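Since the structure comes first, as structure tokens, the remarks are kept for the end.
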Amino acid sequence: MRLYGALEGRNRRTLSGVFLYVLVIMMVTSYIFGSPEGPVWLGVFWVVLLFSAVNIGVLSYTQETGGRRLYYFQLADPLAVYLAKSLFIFILLLMVSLVSLALLGLFHGWPVVQPFYLWTGIGLGSLGLAFLFGFLAAIGSQTRSSATLSTVISFPLVIGLAMLSGKITKASLLPGATWNMLKDDFLMLSGLDLMIAGLGLLLFTYIWRD
Amino acid sequence: MRFIKTYGWKLLGVLLVAYSLIAGMLIPLKPGILEVVPTSLNTDTLAELKITGYNTRFTQSSDTRVWLKLNDEFMIKADSIGIVDDNRIVAFIHIPPYFPVPENTVDCSIIVDNSVDGAFVKPTAVFLHQNEKNLDLGFAYWRKDLVEDLHTDQMTGFPFRGILEETIRNTYYHVPMWFGMMFLFLFSLIFSIRFIRGTDPMGVAKTRSLNQIGLLFGVLGLITGAIWAKFTWNAFWSMDVKQNMAAIATLIYLAYFLLGRSFDDPDKRDRVTSAYNIFAFLTLIPLLFIIPRMTDSLHPGNGGNPALGGEDLDHTMRIVFYPAVIGWTLLGFWMADLLYRLQVIQQRIDDKQH
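Respectively, the protein sequence lines represent chains A and B.
The numbering used here applies: residue 1181 is where the first sequence begins, and numbers increase by one.
The numbering used here applies: residue 123 is where the second sequence begins, and numbers increase by one.
So this is what it looks like as structure tokens:
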């Protein structure tokens, strides 16, 4: 697993590609929305994060040629591979969040009044997204048209996560939002994260073996 | 015994669906009030309310009475009634100059009762408006006629509901689609798990056929729902949370079939689609039950609307609704069974050719 981290970290192309991608989406949305405020600001952020998540997920599998996959397969337990992939996606998503929030803040101001909800919402949401795409991109990578298919099969499943974490991060814009109002959402989002992670761990063995 | 086991449930399904179609379409609606004109009145007038009934038989009864009901305490009985025809009457009611309540605009219900049709009510039928407040005079003027000796209706029929009217029958065809879809997807989940654990080598074919019929039921549910929504909510699609969740559910199972087509190696395909089926069902279906409860919805049972059961589903509706749910579900399983057998035969033919 540690080896995997090292390998992936050395692969700078993924990283720089993703960041370029974030920058481009940011520019395009800025041109379309002008200077977004409040919910639209947050909407731009989530669009960037979701699309990056798909891309990172797909990239993390498609860069592996047959040889490297066989190598992992012999070397590592599939659970370790899944955990490493998800962790990698999670860390990259957090980096993407930081970069896009910095860019948004730089270009369009900072409407957040309760940063706690923003960070927890992003953290829990990215965790769920990482486990989800770690699994679904693996499925997609087994097929002929991996990138398209990963997107198609994952977007309907993402909606639950996006709705919940979107709701939590939206609270960061409202000065009046309290913990009690969002307790249920936090509980459900954490539950959903756990559920996705658990299912991914259980089922990854079956899609990984060749 | 074997005969009953093989054919009994299919026969039962067909009988129940036929019963729900016949009973659901032929049993009439109970009497109700379609329209009251005018819908708003001023105080201190002798109002002439034209009441249009539905499935009523005004000419056959000589004892029709009408009340204007402000709240549980204040009610005015119509001074006189004119019968136009079976569905139309005119009620003359004297509206007092002041209200016994502090508001300037109030809404009143209309209650109609006679010995043939029984009693029925239209809530928020008439708005009354007063120009100045005088609570004391209001108390003195407003009559407290008792609504008493109401007749019970003698016919069996489905309840008349304001906006729904005849479309209430769609309850027997729209709702069972969702029940059937859920049961089919649940069984497809079970077969996927059994396949992936190696206990059922035919599990993939079973999952496929169950998902096909489940998807068919889902699409039919969406279509019947959209048509119903056009009549009651005035739009085929109103971004209602349950409509959206249903659309997402059908998308997920469409993705399942798309996924199944993009493999070259059948063994790999079977394993991966089964894993996806389990993953998709378990991550999505809980949300279908939880998220609509968190947000407002136009559907019954959400956002303060009454739920199924209680007043919404009265006795006459229950004896059609439950058989319809069971019947459509059984029919769905029969269809899936046929598809499954077709797949098995196809596989045998393919094996022989190679």
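All C-beta atoms, glycine included, are put in the ideal place defined by N, C-alpha and C.
Computed from a predicted model, the values in this text were never measured in an experiment.
Listed by position along chain A, the residues whose Cβ is nearer than 8 Å to that of B:Asp386 are Arg1324. Taking C-alpha positions only, B:Arg291 is separated from B:Asn177 by approximately 16 Å. For B:Gly154 against B:Gly175, the beta-carbon gap comes to about 7 Å, under 8 Å, which counts as contact. Sequence-distant Cβ neighbours of B:Gly382 in its own chain, meaning closer than 8 Å and more than five residues away, are Arg330, Arg391 and Thr395. Legend: CB atoms of the region 385-404 of chain B lying less than 8 Å from CB atoms of chain A belong to residues Phe385, Asp386, Lys390, Arg393, Val394, Ser396, Ala397, Tyr398, Ile400, Phe401, Ala402 and Leu404. Pairing A:Ala1377 with A:Leu1309 gives a Cβ-Cβ distance that is not under 7 Å. In this structure, DSSP gives B:Glu254 a state outside helix and strand, which the three-state scheme calls coil. Each residue's CA atom was taken as its position, placing B:Lys244 and B:Ile232 some 5 Å apart.
Chain-ordered, the chain B residues with CB closer than 8 Å to the CB of A:Met1375 read Leu404, Thr405 and Pro408.
Contact of A:Val1276 with chain B by beta-carbon distance below 9 Å is absent, the smallest such distance being about 23 Å.
Shown here for B:Met299: same chain residues with a beta carbon closer than 6 Å to its own, the five before and five after excluded, namely Phe339, Leu342 and Gly343 in chain order. The residue from A:Thr1358, A:Pro1336, A:Met1375 and A:Leu1353 with its alpha-carbon nearest to that of B:Met367 is A:Pro1336.
Out of B:Asp472, B:Ala446 and B:Met457, the CA that lies nearest to the CA of B:Ile144 is found in B:Ala446.
Under the DSSP assignment, A:Asp1373 falls in the alpha helix (DSSP H) whose first and last residues are Trp1359 to Trp1388. Listed in chain order, the non-local C-beta contacts of B:Arg187 below 8 Å within the same chain comprise Lys199, Ala200, Ile203, Val234, Asp235 and Asn236, local neighbours out to five positions each way being set aside.
In this structure the region 1306-1321 of chain A lies against the region 1221-1238 of chain A, because at least three pairs of beta carbons, one per stretch, are closer than 8 Å. Rounded to whole angstroms, A:Phe1270 and B:Leu138 show a C-alpha spacing of 52 Å. At a Cβ-Cβ threshold of 7 Å, A:Leu1283 and A:Met1207 do not count as neighbours. Between B:Phe242 and B:Glu170, the CB-CB gap reaches or exceeds 7 Å. At least 7 Å separates the beta-carbon of A:Ile1387 from that of A:Ile1333. Assignment of B:Ala213 by DSSP, reduced to helix, strand and coil, places it in the strand class. In this chain, the beta strand (DSSP E) harbouring B:Tyr176 covers Thr167 to Tyr176. Around B:Thr161, the same chain offers Ala247, Val248 and Phe249 as residues with beta carbons nearer than 8 Å, after the five sequence neighbours per side are excluded.
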